[in-house]
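*Asks:*
Residue numbers (this note's numbering): 1 to 366.
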């Protein structure tokens, strides 16, 4: 077992139930906590698609941590999460914390038309009704999702740029003029926080720009308008989700047309649906850095793309779990730590679907 700066977690009063959606990330979290990986959860799917859950260890009176991103296939992974939480509650767990790095349905956070659901809120109600006591996620699409849970179920929204920034600065040689770019109006606050973090790391006067997109229909952009100047700058697009990569690649194109020298991107959650990988490979993007929050359905083609790089958030989540278990404040996880020079990260080799990704970590992940 690799050493961890956290110190070995006492397993006497806690239990980890790792779902099937991202076994690699779960293994990394346990490694950082000094907890041996073992089979504590059995997940089967019947011929008709139904999910069968069995907890293989006693959870009576224990603090249970369920690690299960609700990434594609979203409905299958969400149902698995709900049943694991419900099973642990029925088995008399003392406290249940759901670790959901990627929160499915987060983009349906409001009514966009008459007679449409607010799915992000409905998912929150389902998770809460199964008996969860706390939820931890990473870079929610919108912060108000935290308010969709009742006050008795606190939700922590961790920020991945704390992990990714040092890796990016160590592996990307920016020019003297750098601009952080939000690909839409809703992400300006996220981009601003990244800009502030870059200044704390010694980047001189990084700029801030924004693209305003006009859609004709979902996943179809009619045009994009740039707010700010990127002439002669290296640009870093910062966003929470890349899905079909249409917005991302069009944003890179528009930035280059407006005089940007090079365009990079940091996206927390890489869904890479449909033509995303091909679009990125053929785009004007130099590279796209994502976290390992998701193992997508087309994982092999994603890891084979030389433009896509991975940064691990296992250490960030392990720190959160450690703080929760020992009743410590997790506010320190929102603060940038002193700089540390991480090793350069080679592209993870293609792996079989469902197997752990090889990813690099930065200072807070150690």
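Glycine included, C-beta positions come from ideal geometry on N, C-alpha and C.
1) Check whether the Cβ atoms of residue 398 and residue 260 lie closer than 8 Å to each other.
2) How about residue 6 and residue 25: are their beta carbons less than 8 Å apart?
3) Beta-carbon separation of residue 88 and residue 64 under 8 Å?
4) Could you give the residue range of the beta strand (DSSP E) that holds residue 264?
5) Counting only the same chain and skipping the five closest in sequence on each side, list residues whose C-beta sits under 7 Å from that of residue 172.
6) So residue 313 and residue 269 are supposed to be a Cβ contact under 8 Å. How far apart are they, rounded?
7) On the premise that residue 168 lies in contact with residue 109, defined as a C-beta separation below 8 Å, what is that separation, rounded to the nearest angstrom?
8) Assuming contact is defined by CB atoms lying nearer than 8 Å, are residue 62 and residue 15 in contact in what I supplied?
9) With 16 other CB atoms within 10 Å as the buried threshold, where does residue 77 fall?
10) Who are the near neighbours of residue 41 in its chain, counting only those whose CB is closer than 8 Å to its CB and skipping five residues on each side?
11) So, helix, strand or coil for residue 126, using DSSP?
12) List the endpoints of the continuous beta strand (DSSP E) containing residue 236.
13) Less than 8 Å between the C-beta atoms of residue 98 and residue 127, yes or no?
14) Compare the Cα-Cα distances from residue 258 to each of 245, 235 and 271 and report the closest residue.
15) On a Cα-Cα basis, can you pick out the residue from 141, 151 and 149 that is closest to residue 160?
16) Hey, how far is the Cα of residue 329 from the Cα of residue 320?
17) Of the residues 129, 248, 96 and 165, which one's Cα is nearest the Cα of residue 148?
18) Alpha carbon to alpha carbon, how far is residue 292 from residue 12? Give it in angstroms, no decimals.
19) For residue 233, which residues of its own chain have a beta-carbon under 6 Å away from its beta-carbon, when the five flanking residues on both sides are left out?
20) Return the Cβ separation of residue 317 and residue 136 in integer angstroms, given the expectation that the two are a contact with Cβ distance under 8 Å.
21) Which whole-angstrom value is the C-beta distance of residue 91 and residue 59, which I expect to be below 8 Å?
22) Pull up the distance between the alpha-carbon of residue 262 and that of residue 150, whole angstroms please.
23) Sort out for me which residues DSSP pairs residue 16 with in a bridge.
*Replies:* With the given structure in hand:
1) Given a span of 1 to 366 for the chain in the structure shown, any question on residue 398 remains unanswerable.
2) no
3) Against a cut-off of 8 Å, the Cβ pair of residue 64 and residue 88 comes out as a contact.
4) 262-270
5) 264
6) Not confirmed; about 10 Å, so no contact.
7) Between residue 168 and residue 109 the Cβ distance is about 28 Å, and since that is not below 8 Å, they are no contact.
8) yes
9) buried
10) 17, 18, 19, 53, 54, 55, 56 and 84
11) helix
12) 234-242
13) Using a Cβ distance threshold of 8 Å, residue 98 and residue 127 count as a contacting pair.
14) It is 235 whose Cα lies nearest to the Cα of residue 258.
15) Of 141, 151 and 149, the smallest CA-CA separation from residue 160 is found for 141.
16) 9 Å
17) 129
18) 29 Å
19) 177, 179 and 260
20) 7 Å
21) 5 Å
22) 44 Å
23) 65
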